[in-house]
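There are 2 protein chains.
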Amino acid sequence: VNIDMIRAAAARLNGQARRTPVLSSPFLDEIAGRRVFVKAECLQHTGSFKFRGAWNAISASDAPGFVAVSSGNHAQGVALAARMQGRQAVIIMPQDAPQVKIDNTRAYGAEVVLYDRDAQDRDALMNDLAAQRGLEKIPPFDHPLVIAGQGTVGLEVAQDFKDMRGDVYVCCGGGGLTSGVALALEAAAPGLRARPVEPEGFDDVARSLSSGTRQRNTRLSGSICDAIVTPTPGELTLPILQRLCGPGLVVSDAMALRAMRLALERLRIVLEPGGAVALAAALFLPGEGDVLVVASGGNADPAMIARALAA
Amino acid sequence: VNIDMIRAAAARLNGQARRTPVLSSPFLDEIAGRRVFVKAECLQHTGSFKFRGAWNAISASDAPGFVAVSSGNHAQGVALAARMQGRQAVIIMPQDAPQVKIDNTRAYGAEVVLYDRDAQDRDALMNDLAAQRGLEKIPPFDHPLVIAGQGTVGLEVAQDFKDMRGDVYVCCGGGGLTSGVALALEAAAPGLRARPVEPEGFDDVARSLSSGTRQRNTRLSGSICDAIVTPTPGELTLPILQRLCGPGLVVSDAMALRAMRLALERLRIVLEPGGAVALAAALFLPGEGDVLVVASGGNADPAMIARALAA
């Protein structure tokens, strides 16, 4: 993946994805002890940056339909991007996924195929569906066109903060967004450096960066930041992160909830816990100089918003 | 007030106010039975459009300081705009105003002067302060520079939806925002027509428009939409509304709360009840054709957000 692929993605996304605003508040600056700028990607179509990578992958292909495994933001991004381009989307979800996520994915126009976590192999199911129905697979992060699409977030940041020096904190799961942003900054705003931010206990990227070898999470559930919990960094993304990113940062669930509350009160945006970890790092971890934050998603259900308000 | 004054305001606000994004969701379109576009002015500095009028009035003056009466969004808009321009702001607030509003106004750099609602006349107090300290008064809506500043919202809408025909629903108190938007649309997007939206029981503008004479509200408290409750339309604003707006629309508090909840879930923005009435009208009142909504403010406290989530 290189900057030309990200620029090509930006051209494809032009007029289709939203150019999300950068928000700030003197109240947040005071808490952080530094100026904090928040790229509100929760305001993207479907409520997360995932729409960008999906749109780019679909635009670059002439396949009539696409298949993805996801119960969350990637599902919705693929579903809407496919519908907007008149293509078919098939989303494979566990049959015990929350009904609201299944309903939302269907409402964006996708066909949802449910599978039994205990009895079925979801990757085999995806391969079968792809082969039988001529669908193209769109992985959630480890794919050049997906990384390039997410990288357009970094290109917009670079345009807005071209001459700034400092860190860009990015909520990080498999590393698709973080690696794309890092590549865009390298080319278009070399004074800025991406820093992955993860939830405590699910810091495979931070540990992989510090050890120099791919690390895995010991568990995959139990975090409220479910949107950014993945087993291990991608094969494409990790080398990019190693080459370009500063050390990973880690925040607690409690910090993510407090960041959600402050985003509601001071920025008037809804973040989901996984989309709030970068803001939490800017507000509650030590650090110097102006900082940019990519607030990656806002698909929090009412119960989680209520929980943040009480935090 | 005319379009040239609004264009001059836009030039003054350029690079200082945020150009707020227009959001939408297929879920909202389905509820409304029409396409709904939401100008998210809750993402403006200080959380409401009020920053625009304040910035414009302050920029156009060379006074060293300004005085305003407000316990809400106007107070914060004047405070921050003054501080950003290195001027002084004195805000007169009732001594029983919620502490958080007093604290926020002070945090934006203003001097807060408290008065006793029962024993003191706030307008006399403002006039005394203005005379003694050489401060210029900034009224909340009935002032040409304030109306022109708020009108820049309409200019941005006109640029984004130049060729559209239909209604622009605007949350309406004294009519500063609605009249400014109406003037901008008349000149720059004549296919669009402003429609004031008010809370049930506080529909002085709707009744003034339908009767042709200035009407008053019988009470001034008891609505959760406190940000847009005013005694009667302005002397400057009402003639503009009469000349340019379609009939006023009225929604219940329950509708405003449901619109708040849908804005949280589907647009990932926080609206206050008074800033949600225009969206409520688009979603829950009968109407035809694509509709634009100005979501005017997002300064809801956590208890009100929690109430909306339970609606």
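These protein sequence lines are chains A and B, in that order. Its first residue numbered 1183, the first sequence is counted upward by one per residue in the working numbering. Its first residue numbered 1183, the second sequence is counted upward by one per residue in the working numbering. Ideal Cβ placement from N, Cα and C applies to all residues, glycine included. If you're wondering where the values come from, they're calculated on a predicted model, not measured in any experiment.
* To do: Rounded to whole angstroms, what's the CA-CA distance from A:T1400 to A:S1390? Just pull it up for me.
  => Along the first sequence, one-based indexing puts residue 1400 of chain A at 218. Along the first sequence, one-based indexing puts residue 1390 of chain A at 208. Roughly 13 Å between the two C-alpha positions.
* **Contact set for B:L1423: own chain, Cβ-Cβ below 7 Å, skip 5 residues either direction** => As a first step, residue 1423 of chain B is located in the second sequence; it is residue number 241 there, counting from the start. Excluding positions up to five away in sequence, the list reads G1357, T1360, S1361, A1364, P1378, V1387, L1391, P1415.
* 4 or more residues per run - each alpha helix (DSSP H) lying fully within the stretch 1234-1297 of chain A -> 1255-1266, 1281-1289
* Asked: What number of angstroms, rounded off, separates the C-alpha of A:V1488 from the C-alpha of B:L1491?
  -> Stepping through the first sequence from its first residue, residue 1488 of chain A is reached at position 306. Stepping through the second sequence from its first residue, residue 1491 of chain B is reached at position 309. As written in the sequence, residue 1488 of chain A is Ala, which differs from the Val given in the question. Using only the alpha carbons, I get a separation of about 7 Å.
* Asked: Going along chain A in order, which residues have a C-beta closer than 7 Å to the C-beta of B:F1209?
  -> Here residue 1209 of chain B corresponds to residue number 27 of the second sequence, with the count starting at 1. Under the 7 Å cutoff, chain A gives A1289.
* To do: Report buried or exposed for A:P1413, applying the criterion of at least 16 other Cβ atoms within 10 angstroms of its Cβ.
  => One-based indexing of the first sequence puts residue 1413 of chain A at position 231. Label assigned to A:P1413: exposed.
* Can the beta-carbon of B:A1458 be found less than 8 Å from the beta-carbon of B:A1477? -> Counted from its first residue, the second sequence places residue 1458 of chain B at position 276. Counted from its first residue, the second sequence places residue 1477 of chain B at position 295. In contact: B:A1458 and B:A1477 (Cβ atoms closer than 8 Å).
* **Buried/exposed call for B:G1479, threshold 16 Cβ in 10 Å** => Stepping through the second sequence from its first residue, residue 1479 of chain B is reached at position 297. Flag for B:G1479 reads buried.
* To do: Grab the span of the alpha helix (DSSP H) containing A:D1310 for me, first residue to last.
  => Here the question's residue 1310 of chain A lines up with position 128 in the first sequence. Note, A:D1310: alpha helix (DSSP H), 1304-1315.
* To do: Check whether the Cβ of A:P1246 lies closer than 8 Å to any Cβ atom in chain B.
  => Here residue 1246 of chain A is taken as the residue at index 64 of the first sequence, counted from 1. Not closer than 8 Å to any Cβ of chain B, the Cβ of A:P1246 fails to qualify, so no.
* **Sub-8 Å separation of B:I1273 and B:V1260 beta-carbons** => Here residue 1273 of chain B corresponds to residue number 91 of the second sequence, with the count starting at 1. Here residue 1260 of chain B corresponds to residue number 78 of the second sequence, with the count starting at 1. Yes; because the gap between Cβ atoms is below 8 Å, this pair is in contact.
* Do the stretch 1297-1306 of chain B and the stretch 1322-1341 of chain B make contact, defined as three or more Cβ pairs closer than 8 Å? -> no
* **Burial state of B:P1372 (16 or more Cβ within 10 Å)** => Locating residue 1372 of chain B in the second sequence gives position 190, counting from the first residue. B:P1372 is exposed by the Cβ-count criterion.
* chain A beta carbons: is any one of them nearer than 8 Å to that of B:E1447? -> The residue you call residue 1447 of chain B lines up with position 265 of the second sequence. Taking Cβ atoms only, chain A reaches closer than 8 Å to B:E1447, which makes this a yes.
* Buried versus exposed, by CB contacts within 10 Å (16 or more), A:E1454 -> Counted from its first residue, the first sequence places residue 1454 of chain A at position 272. Buried is the call here.
* **Pick from A:A1340, A:A1370, A:G1235 that is closest to A:I1320, judged by C-alpha positions** => Counted from its first residue, the first sequence places residue 1320 of chain A at position 138. The candidate whose alpha carbon is nearest that of A:I1320 is A:G1235.
* Asked: Can you tell which of A:R1448, A:R1216, A:S1405 has its C-alpha closest to the C-alpha of A:V1432?
  -> As a position in the first sequence, residue 1432 of chain A is number 250, starting the count at 1. When each option's Cα is compared against that of A:V1432, the closest is A:S1405.
* Using 8 Å as the Cβ pair cut-off and three pairs as the minimum, do the stretch 1461-1474 of chain A and the stretch 1213-1229 of chain A touch? -> yes
* To do: Would you list, in sequence order, the uninterrupted beta strand (DSSP E) runs of no fewer than 3 residues that lie entirely inside the stretch 1431-1463 of chain B?
  => 1431-1433
* Rounded separation between B:E1447 and B:G1430 - CA only -> Indexing the second sequence from 1 puts residue 1447 of chain B at position 265. Indexing the second sequence from 1 puts residue 1430 of chain B at position 248. Using only the alpha carbons, I get a separation of about 27 Å.
* At 7 Å on the CB atoms, spell out the chain B contacts of A:G1229, in chain order. => In the first sequence, counting from the first residue as 1, residue 1229 of chain A sits at position 47. Neighbours of A:G1229 on chain B, chain order: R1450.
* **Contacting positions in the stretch 1480-1492 of chain A - beta carbon closer than 7 Å to chain B** => G1480, P1484, I1487, A1488, L1491
* Below-8 Å beta-carbon distance, A:P1444 vs any chain B residue -> As a position in the first sequence, residue 1444 of chain A is number 262, starting the count at 1. Checking the sequence, you will find Leu at residue 1444 of chain A rather than Pro. So no, A:L1444 is outside the interface.
* Asked: According to a CB-to-CB cut-off of less than 7 Å, which residues of the stretch 1461-1481 of chain A neighbour chain B?
  -> G1480
* Any C-beta of chain A sitting closer than 8 Å to the C-beta of B:L1359? -> For the purposes of this step, residue 1359 of chain B is identified with residue 177 of the second sequence, where counting begins at 1. No, its Cβ sits nowhere closer than 8 Å to a Cβ of chain A.
* First and last residue of the beta strand (DSSP E) that includes B:L1474? -> Taking the first residue of the second sequence as position 1, residue 1474 of chain B is located at position 292. 1473-1477 is the extent of the beta strand (DSSP E) around B:L1474.
* **For A:R1377: DSSP bridge partner residues** => Locating residue 1377 of chain A in the first sequence gives position 195, counting from the first residue. Bridge partners of A:R1377: A:Y1351.
* Chain-order list of residues whose beta-carbon lies under 8 Å from that of A:R1265 (same chain, five-residue window excluded) -> Here residue 1265 of chain A refers to the residue found at position 83 when the first sequence is read from its first residue. Cβ within range, chain order: A1271, Y1290, G1291, A1292.
* Asked: Can you tell me whether DSSP reads A:S1207 as helix, strand or coil?
  -> As a position in the first sequence, residue 1207 of chain A is number 25, starting the count at 1. DSSP places A:S1207 in coil when its eight states are reduced to three.
* Asked: Mapping DSSP to helix, strand and coil, what is B:E1223?
  -> Here residue 1223 of chain B refers to the residue found at position 41 of the second sequence. DSSP places B:E1223 in helix when its eight states are reduced to three.
* **Cutoff 8 Å: B:D1407 Cβ touching any chain A Cβ** => One-based indexing of the second sequence puts residue 1407 of chain B at position 225. Residue identity check: residue 1407 of chain B is Cys in the sequence provided, not Asp. Taking Cβ atoms only, chain A never reaches closer than 8 Å to B:C1407, which makes this a no.
* In chain A, which residues lie less than 9 Å from B:P1203 when you measure between Cβ atoms? -> Residue 1203 of chain B sits at position 21 when you count from the first residue of the second sequence. Near B:P1203 (Cβ distances below 9 Å), the residues of chain A are R1200, R1201, T1202, P1203, A1222, L1225.
* Identify the continuous alpha helix (DSSP H) that holds A:R1389 and give its terminal residues. => Taking the first sequence and counting its residues from 1, the one referred to as residue 1389 of chain A is at position 207. Note, A:R1389: alpha helix (DSSP H), 1386-1393.
* Regarding A:V1433 and the ligand MG, is the C-beta to nearest heavy atom distance less than 7 Å? -> Ligands are entirely absent from the displayed structure, and the ligand MG is therefore not among its contents.
* Asked: Does DSSP put B:S1230 in a helix, a strand or coil?
  -> As a working note, residue 1230 of chain B is residue 48 in the second sequence. In this structure, B:S1230 counts as strand in the three-state DSSP scheme.
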